[in-house]
Amino acid sequence: MDLKRLLKPETMAVVGVSLTNESNPANVVYNKNRLRYPVRVFAVNGKGGTIRGETVYRKVQDIPEKIDLVIIGTKAEVVPSIISDCIEAEAGGAVIISGGFAETGAVDLQNNLVSIAKKSDFPFIGPNCLGIFAPSHMDTFFIPGERLVIPDRGKVAMVSQSGGILVDHMIKCAGEGVGVSLAVSIGNKAVINELDLLRYFKDDPDTDVIGFYLEGFDENEGREFVIAASECGKPVIVLKSGKTPGGTSAVKSHTASMAGNYEVFSSVMEQYGVVEAKDEFEMVAFAEALSCYQRSIQGRVAIITGSGGHGALATDACFLHGLSAPVLSQSAQTELYNSVSPAIRNISSFANPIDLTGSAVDDDFMAAVRSVSGNDDIDCIIVLLLPYLPRITMDLGAQISLVYQQQGKPIVAYVPHEDKYKMLVEGFMLNKIPVADSIEDAIHMAEAMRRYKSC
Amino acid sequence: MLRDNIQKVFSEAKERGWVMEPQAKDLLRLSGIDVPRFLFTTDIAEAIRFANEIKYPVAVKVVSPDVIHKSDASGVVLGVSDDRKLGEIFAGMAKIKGFQGILVEEILKGIEMIVGMKMDNQFGPIILLGMGGTAVEIYKDVTLRMAPLREQDAESMMTCLKAKPILDGYRGAEGVNIDGLKSMLMAFSDLVMAFEKAVESVDMNPVICNASRCVVADARIMLIGH
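Chains as they are written, first to last, in our numbering: chain A, 1 to 455; chain B, 1001 to 1226.
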């Protein structure tokens, strides 16, 4: 199944545009694409007519251009005939935002739709979904633009069974500065499912990391998914709902009783190097870290900070998340001692966490980052940078990022995301160093690399 | 060859829904999994001859299509020490519902582990390794992997157990034959892949592991649709 025209359309038709009701979902989609995106968009309505001077076509086949993507927002009953129209018009694919199919019990109607599409190898997303969001290119969400928080264009693809969760993830991505290549809500996933999108994003040059919100797989689909993910060559992150055990039917076998659905899911994801996020915060932190570093680490972390308390909390969090903060060798500690300025030498601690104290200047942080970057006992550096320390400057983010460019050891930063510290945050982010908004999040970012197993 | 035997055993067990211990152990042995020396018999004289051959004490277990959980039905006696005891136990077990005979089996010493399989709807056959015995569901020290296992999967199943130091030999105690356990996991993985979709779950519990061998002391195979 070729999804290129469907997911990266040049031309788009919106079926179900109302001539009288501007708040109709199809009108919202038509208007936002017409006004805000480069994609060429056409309105379709069985009655024809015009909308603000533009032709409304009666059928997809009547549009004078070849259509890549058709968005269908009509009543459920007429969707099968519109899909037939799309096939006749040789459209590239469809997004069916309409509800009223399997989710409400209309299984036959959905099956009918699937058989029409499959006969002609015609791909569609949905039904009962928001569809596709492609930053600065197009979107099929029936949510007015002013209500959305839109992330930058970037390298993270997001796929979600639930539209609401997807919009939420986009808000969090925007807040954390995580760029998105494509966000897709797949709803009832009648034809296109997680596996199809995983295969598409594997070869998509605009995507480096793929995140999924999953509710469940159909029979044997989980097996195919993990095998495809492990062969994909890009980090795959999953967030699963439905972790709590369902019915407690009596189980006669110890194995069946101890291998509950969620335990199996979680174990198999780990077995195949798929990174499982436990909640939405981990999801976004993992996506940010893995979009900067597509590699795995053992998880031997050096913590560099100007505050003993931050160092201690970070060490605890490392321990809880399966990372270690090993005590540095005597020679490494001596090297650190000699590299920082005399003013802080005797008040700092170099064992790990490395606490340079509130008297440290930019050069002290730089010296410490350089020194542990060259230390083979460490495979990731967490810099807890407190912008209120009086002697550091707002340039330090960009400077530390340079050490990564030169020495190649992954660095994760923590800086409180306050407006007045934004320059420091951007100094990291613009240079592809992930920046967390809390100590815990910084640990999550390092954890993402530990859990990811590249093949 | 293995698949033919699986077919034969399963078609006999289909009605009942589970495979009885002697047949389950025959399948395990055929697939290269170590089981204790045992004899399945209805003849007390033969049982006594075999017990003397493998040397007392022996284990005696009832074989009955009506008894899935043998220990609940007084169908297992460990440490049977002589001919007279064996005779008494045989007479007692012969009264258990559905009695088809007894297993006389050598007793092995070691750490009790569990190796199992569950057919999962989303992922297919899943293999479990854990600390076994009767308290298995209390400690719940288990690891799960999707079959077929790769070598690295079998290795990580062992290292991910909390009880790994016990397997390595904790505080001077004898550890277990790690290579033997790994081979058993790999052979079991091949076996469950050969089951295709016929089996719902397998419990091999306990698997007795010591420094020289890993041996399946009891096994139960539950068929799909049971």
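For glycine and all other residues, C-beta sits at the position ideal for the given N, C-alpha and C.
Please read these numbers as outputs of a predicted model, since none were measured by experiment.
Assuming G1017(B) and L1223(B) are in contact, meaning their beta carbons sit under 8 Å apart, how far apart are those beta carbons, in whole angstroms? Correct: roughly 5 Å between the Cβ atoms.
F1123(B) and R223(A): beta carbons closer than 8 Å? Yes, the Cβ-Cβ distance between F1123(B) and R223(A) is below 8 Å.
Which word fits N1052(B), buried or exposed, when buried means at least 16 other C-beta atoms lie within 10 angstroms of its C-beta? Taking a 10 Å sphere around the C-beta of N1052(B), we find fewer than 16 other C-beta atoms and assign the residue as exposed.
Determine the extent of the beta strand (DSSP E) in which K189(A) is found, giving its start and end residues. For K189(A), no beta strand (DSSP E) segment is defined, and its DSSP state is neither H nor E.
Residue interval of the beta strand (DSSP E) (run including A94(A)): Looking at the DSSP string, the run of the beta strand (DSSP E) that includes A94(A) is 93-96.
I'd like the span of the alpha helix (DSSP H) that includes R36(A), first residue to last. Taken as a continuous stretch (DSSP letters only), the alpha helix (DSSP H) holding R36(A) covers 25-36.
Assuming M429(A) and R295(A) make a contact with CB atoms under 8 Å, what is their CB distance in whole Å? Your pair M429(A) and R295(A) does not check out as a contact, with CB atoms roughly 19 Å apart and the cut at 8 Å.
Name the residues in the stretch 212-228 of chain A whose C-beta lies less than 8 Å from a C-beta of chain B; which are they? The stretch 212-228 of chain A vs chain B, Cβ under 8 Å: G216, F217, D218, E219, N220, E221, G222, R223, V226.
Taking 8 Å as the cut-off, decide whether the C-beta atoms of C1214(B) and L1181(B) are in contact. Yes. Within cutoff.
S324(A) in three-state terms, based on DSSP: Secondary structure of S324(A) (DSSP, three-state): strand.
Helix, strand or coil for C232(A), going by three-state DSSP, please let me know. If DSSP states are grouped into helix, strand and coil, C232(A) belongs with coil.
In angstroms with no decimal places, state the Cα-to-Cα distance between I1096(B) and I1102(B). I1096(B) and I1102(B) have their C-alpha atoms spaced approximately 11 Å apart.
For V415(A) and Q1152(B), what's the separation of their Cα atoms in angstroms? If you take the alpha carbons of V415(A) and Q1152(B), they lie about 39 Å apart.
Closer than 8 Å at the beta carbon, the chain B residues around S84(A): Per Cβ cutoff of 8 Å: no residues; S84(A) is ~33 Å from chain B at best.
Could you list the residues in the stretch 271-305 of chain A with a C-beta less than 7 Å from some C-beta on chain B, going in chain order? Correct list: Q271.
So, with DSSP's three-state summary, where would you put R450(A)? Here DSSP, grouped into helix, strand and coil, assigns R450(A) to helix.
Opposite K1118(B) in the DSSP bridges: which residues? Paired residue(s): I1126(B), S1201(B).
Within its chain, find whatever has a CB closer than 7 Å to the CB of Q399(A); leave out the 5 residues flanking it on each side and keep chain order. The beta carbon of Q399(A) lies closer than 7 Å to those of D362, M366 in the same chain, with the five residues before and after it left out.
Please confirm if V238(A) has its CB atom under 8 Å from at least one CB of chain B. Among the CB atoms of chain B, none fall inside 8 Å of the CB of V238(A).
Is there a Cβ from chain B that is less than 8 Å from the Cβ of C455(A)? Low per-residue confidence applies at C455(A): pLDDT is 48, beneath 50, and the placement is therefore not dependable, though the value from the model is reported in the following sentence. Cβ-Cβ to chain B under 8 Å: no for C455(A).
Min CB distance V209(A) to chain B below 8 Å: Taking 8 Å as the CB threshold, V209(A) stays off the interface with chain B.
What residues match up with E1112(B) in a beta bridge as DSSP calls it? As computed with DSSP, E1112(B) is found in a beta bridge with I1208(B).
Taking the alpha helix (DSSP H) that I1048(B) belongs to, which residues open and close that run? Unbroken alpha helix (DSSP H) run through I1048(B): 1044-1054.
Just reading off the alpha helix (DSSP H) that L1158(B) is part of, what are its end residues? It is worth fixing the name first, because residue 1158(B) is Met in this sequence and not Leu. First-last of the alpha helix (DSSP H) with M1158(B): 1151-1159.
Is it right to say A1135(B) is buried, meaning 16 or more other beta carbons lie within 10 angstroms of its own, or is it exposed? Taking all protein chains in view, the Cβ of A1135(B) is surrounded by fewer than 16 other Cβ atoms within 10 Å, so the residue is classified as exposed.
Taking only beta carbons into account, state which residues of the stretch 1109-1123 of chain B come closer than 7 Å to chain A, listed in chain order. From the stretch 1109-1123 of chain B, only I1114, G1116, M1117, K1118, D1120, N1121, Q1122, F1123 have a Cβ closer than 7 Å to chain A.
Residues of its chain near S291(A), where Cβ-Cβ distance is below 6 Å and the 5 sequence neighbours each way are ignored: Short of 6 Å from the beta carbon of S291(A), and not among the five residues preceding or following it, lie these beta carbons of its own chain, in chain order: K155, V156, D208, V209.
What in chain B is Cβ-close to E263(A), meaning under 8 Å? Simply L1144.
Does the CB of I1178(B) have a neighbour CB from chain A at under 8 Å? Judged by the 8 Å Cβ criterion, I1178(B) is not in contact with chain A.
CB-CB length for E1155(B) against N1210(B), believed under 8 Å: Between N1210(B) and E1155(B) the Cβ distance is about 20 Å, and since that is not below 8 Å, they are no contact.
At a CB-CB cut-off below 8 Å, which residues of chain A make contact with D1153(B)? The contacting residues are Q271.
Per DSSP, the bridge partner or partners of E54(A): DSSP lists I51(A) as partners of E54(A).
The stretch 319-339 of chain A: positions lying closer than 9 Å to chain B by Cβ: Result list empty, no residue passes.
Spatial neighbours of E88(A) in its chain, beta-carbon cut-off 6 Å, leaving aside the 5 residues before and after: For E88(A), same chain residues with a beta-carbon under 6 Å away, outside a window of 5 residues either side, are Q61 in chain order.
Quick check: does the Cβ of K155(A) come within less than 7 Å of any heavy atom belonging to the ligand COA? As for the ligand COA, it is missing from this structure, which has no ligand bound.
Evaluate L320(A) with the Cβ neighbour count: other Cβ atoms within 10 Å of its Cβ, from every protein chain shown; 16 or more gives buried, anything less gives exposed. Looking at its Cβ environment, which holds fewer than 16 other Cβ atoms inside 10 Å, L320(A) is exposed.
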